[in-house]
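Notes to accompany the following structure.
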Amino acid sequence: MTSITLAPPGAAAGSRARVQAALSAAGVLSIVAVWWIAGDATRFLPGVGEVFGSLPTFLSSPLVWQEAALTTWRVVCSLAIGFVLGTAAAVVMTRMEFWGRVVGAYVAIATAVPSTILALLALFIFRKSDAGVVFVVAVTTFPFIAVLLREGLRSLSGNLDEMTSVYRFGRASAVRHVVLPQVLPYALTALRNEYAHAWKVVVLAELFIINSGMGWQFSQAFDRFQLQRVMHWLLLFVAILLVTEYLIIRPAEQRALRWKERE
Amino acid sequence: MTAQVIEPAVGAVRPLIEVDAVRIGYPGRVAVERIDLTVAENEFVSIIGPSGCGKSTLLHVLSGLNEPLDGAISIRGREATGEVGSRLRAGYVFQDHRLLPWRTVAQNLDIAMKNAGVPKAEWTGRRARYLALLHVAEYENSFPMNLSGGQRQRVSIARALAVEPDVVLMDEPFSGLDEVTARTIRKQLDATRSPHDPSTVFVTHSIREALFLSDRVVMLSRGPARVIKEITIDLPRPRVYDDPRLVVLEQQVVAEVLQQWEIDTDSGEQP
């Protein structure tokens, strides 16, 4: 007779998490190793030791945090506007025949326009102002948000719609308890994708349009050939993105979707 | 005790629902040719018929989801065709549970009660009563996806009862469950049935299930449906699922069904 011993589910999950953490750590270490080798072999990439040695001095400057906060604020404002525009476009595309096609065309075109062209356009329209940066990021991100939310609205359950009719749900109650929870996973995916996208675009927009923020600091450091400083800004940029992703967005996503079936 | 097979009955005095010569359909298709049906206050009526004969369509009309093409529907003696949804408060148990998976069991009941206008002061008591009645009280704070199929359907029945309905409409609620779970829930429904419970219209194609649960069984023809027979079951409750009297009655009904439903032996379909 053959006997099979199964590990308890909790133990399996813990083991899987440890393996994933080890793989992530190995990935980060491999990047540092490549940087180490490339830093020694080239003149344009400062060494790991130099960059990390001077990092505390860089981070102790209030200017650094002011500029980081300014760029973060621009990202948050742009994403908020992108979500408002994206939601409106998704609703129109889902609910209206004629205007849905019109808005669908705008969304398709907006998806294809390069951020650089938008930044140049914003420079003409808004001159050197915050509004130009926000315009570029919002217009770049909104079509992707619209497409994801449209998919969410298209996948609404007809069965639950019947249930809300039978139990006489009011409009507000149906939106709050039935529609929004079904669209939420799509909205969270849009947030996660477009948050990272917005950070990449905002740096570009600041570089073109305005004399403040992390993008402008990148450009200043690069123009003066301060390569250590470029790397400092890059490390801060990556740290902000990852910290927000892993400490805010993903936990919020897990909390919002905690109702899903346990394996 | 007697179990009688009778011809279509004359409705009771001031029945809750009177369906008079109702025809139901969709563009290009008639699903129900003509239905005459009465449901008395507190009565448990089952509707049996072959698959696709229009049983569920009839429930849709009684819940206000669809409008009939012809005929009239009265609620407590007053004409209500076209406004059944607003005049008749229904608790609906679908084939699948149709709970909100992102809300807890308690929240599912509370949201339904709120929209049905049940006073907030009564929510906790009604919730506790019906979840306990259906043996799912301990899952009050669980999400539906963490319950078994049978537990979800019990919660769905509790929701239908909690909204203080005039009528509970049940559309083959046990068809997706395993037989043991289905038997257990049927037994609880029968054992806890009181003369003050809301009227229930129960759609099924299981003859034994209908006979076991009902005060009256209405048999429909193949679609487009019409009523071909009504059977009154005056067995006292609680009943026994394998009661010999029910077995005999089922045999009689099956014999009737074999003639009336014109079984297509090639399709392998059984009543």
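If you read the sequences in order, they're chains A and B.
Using the working numbering, read the first sequence as starting at 1 and increasing by one per residue.
Using the working numbering, read the second sequence as starting at 264 and increasing by one per residue.
Built from N, CA and C at the ideal position, the CB exists for glycine as well.
From a predicted model like this one, the values you see are computed outputs, not experimental measurements.
Spatial neighbours of residue i in its chain, beta-carbon cut-off 8 Å, leaving aside the 5 residues before and after
i: Asn-404/B; result: Thr-367, Val-368 and Ala-369
i: Val-134/A; result: Arg-74, Cys-77, Ser-78 and Ile-81
Closer than 8 Å to chain A by CB, residue i
i: Met-433/B; result: no
i: Val-426/B; result: yes
i: Ile-336/B; result: no
i: Leu-328/B; result: yes
i: Leu-363/B; result: yes
i: Ala-488/B; result: no
i: Ile-374/B; result: yes
i: Tyr-355/B; result: yes
i: Tyr-404/B; result: The question names Tyr, yet the displayed sequence has Asn at residue 404/B. So no, Asn-404/B is outside the interface.
i: Asp-359/B; result: yes
i: Arg-415/B; result: no
i: Arg-366/B; result: yes
i: Ala-343/B; result: no
i: Ala-369/B; result: no
Neighbour-count burial assignment, residue i, 16 or more Cβ in a 10 Å radius
i: Phe-237/A; result: buried
i: Tyr-402/B; result: buried
i: Thr-42/A; result: exposed
i: Arg-277/B; result: exposed
i: Gln-254/A; result: exposed
i: Met-163/A; result: buried
i: Asn-211/A; result: exposed
i: Ser-61/A; result: exposed
i: Phe-307/B; result: buried
i: Thr-87/A; result: buried
i: Asp-478/B; result: buried
i: Thr-269/A; result: The requested residue 269/A is not part of the displayed model; chain A covers only 1 to 263.
i: Ser-326/B; result: buried
i: Glu-435/B; result: buried
i: Phe-406/B; result: buried
Residue-chain proximity (residue i, chain B), Cβ-Cβ < 8 Å
i: Glu-263/A; result: Its pLDDT being 39, under 50, Glu-263/A is placed unreliably in this model, and the value from its coordinates should be taken loosely. False, the Cβ-Cβ gap to chain B never drops below 8 Å.
i: Thr-2/A; result: Note that Thr-2/A has pLDDT 44, beneath the 50 cutoff, so the model's placement of it is unreliable and the number below is only indicative. Not closer than 8 Å to any Cβ of chain B, the Cβ of Thr-2/A fails to qualify, so no.
i: Gly-170/A; result: yes
i: Pro-181/A; result: yes
i: Leu-160/A; result: yes
i: Val-166/A; result: yes
i: Lys-260/A; result: yes
i: Val-136/A; result: no
i: Val-175/A; result: no
i: Val-28/A; result: no
i: Met-93/A; result: no
i: Val-178/A; result: yes
i: Met-214/A; result: no
Sequence-distant residues of the same chain with beta carbon closer than 6 Å to residue i, five excluded per side
i: Met-482/B; result: Ile-311, Ile-491 and Lys-492
i: Val-136/A; result: Leu-118, Ala-119, Ala-122 and Ala-205
i: Gly-215/A; result: Val-203, Glu-206 and Leu-207
i: Leu-227/A; result: Pro-46
i: Leu-160/A; result: Val-178
i: Ser-115/A; result: Thr-140, Val-201 and Leu-204
i: Ala-138/A; result: Ser-78, Ile-81 and Gly-82
Nearest-angstrom Cα separation, counted from residue j out to residue i
i: Ala-275/B; j: Leu-424/B; result: At Ala-275/B, the pLDDT of 45 sits below 50, so the modelled position is not reliable and the matter cannot be decided from this model.
i: Ala-272/B; j: Thr-189/A; result: Low local confidence applies: a pLDDT of 46 at Ala-272/B is under 50, so the model's placement there is unreliable, and no value is given.
i: Ser-165/A; j: Ser-419/B; result: 15 Å
i: Val-517/B; j: Gly-413/B; result: 28 Å
i: Arg-171/A; j: Arg-341/B; result: 29 Å
i: Val-64/A; j: Val-107/A; result: 36 Å
i: Leu-509/B; j: Arg-502/B; result: 9 Å
i: His-468/B; j: Leu-300/B; result: 18 Å
i: Val-443/B; j: Asp-453/B; result: 15 Å
i: Ile-470/B; j: Glu-513/B; result: 7 Å
i: Ile-496/B; j: Gln-416/B; result: 26 Å
i: Ile-58/A; j: Trp-233/A; result: Position check: residue 58/A holds Phe in this sequence, whereas Ile was assumed. Going by the C-alpha atoms only, they are around 9 Å apart.
i: Phe-437/B; j: Tyr-355/B; result: 13 Å
i: Pro-181/A; j: Trp-365/B; result: 7 Å
i: Leu-191/A; j: Lys-318/B; result: 45 Å
i: Leu-149/A; j: Val-48/A; result: 42 Å
i: Gly-158/A; j: Trp-35/A; result: 54 Å
Amino acids of chain E, ordered along the chain, whose beta-carbon sits closer than 9 Å to that of residue i
i: Phe-475/B; result: Absence of chain E from the displayed structure is noted, the protein chains being A and B.
Beta-carbon proximity list for residue i, same chain, < 7 Å, skipping 5 on both sides
i: Met-231/A; result: Pro-46 and Val-51
i: Asp-460/B; result: Asn-305
i: Ser-54/A; result: Gln-228
i: Pro-143/A; result: Val-107, Ala-110 and Thr-111
i: Arg-485/B; result: Pro-313, Cys-316, Trp-524 and Glu-525
i: Leu-70/A; result: Ser-212 and Gly-213
### Query
On the three-pair Cβ rule with 8 Å, is the stretch 331-338 of chain B touching the stretch 282-292 of chain B?
Yes, they touch.
#### Entry: Three or more C-beta pairs below 8 Å linking the stretch 386-398 of chain B and the stretch 184-199 of chain A
No: fewer than three Cβ pairs fall under 8 Å.
### Query
Contact between the stretch 242-252 of chain A and the stretch 318-330 of chain B: three or more CB pairs below 8 Å?
Because the criterion of three Cβ pairs below 8 Å is not met, the stretch 242-252 of chain A and the stretch 318-330 of chain B do not touch.
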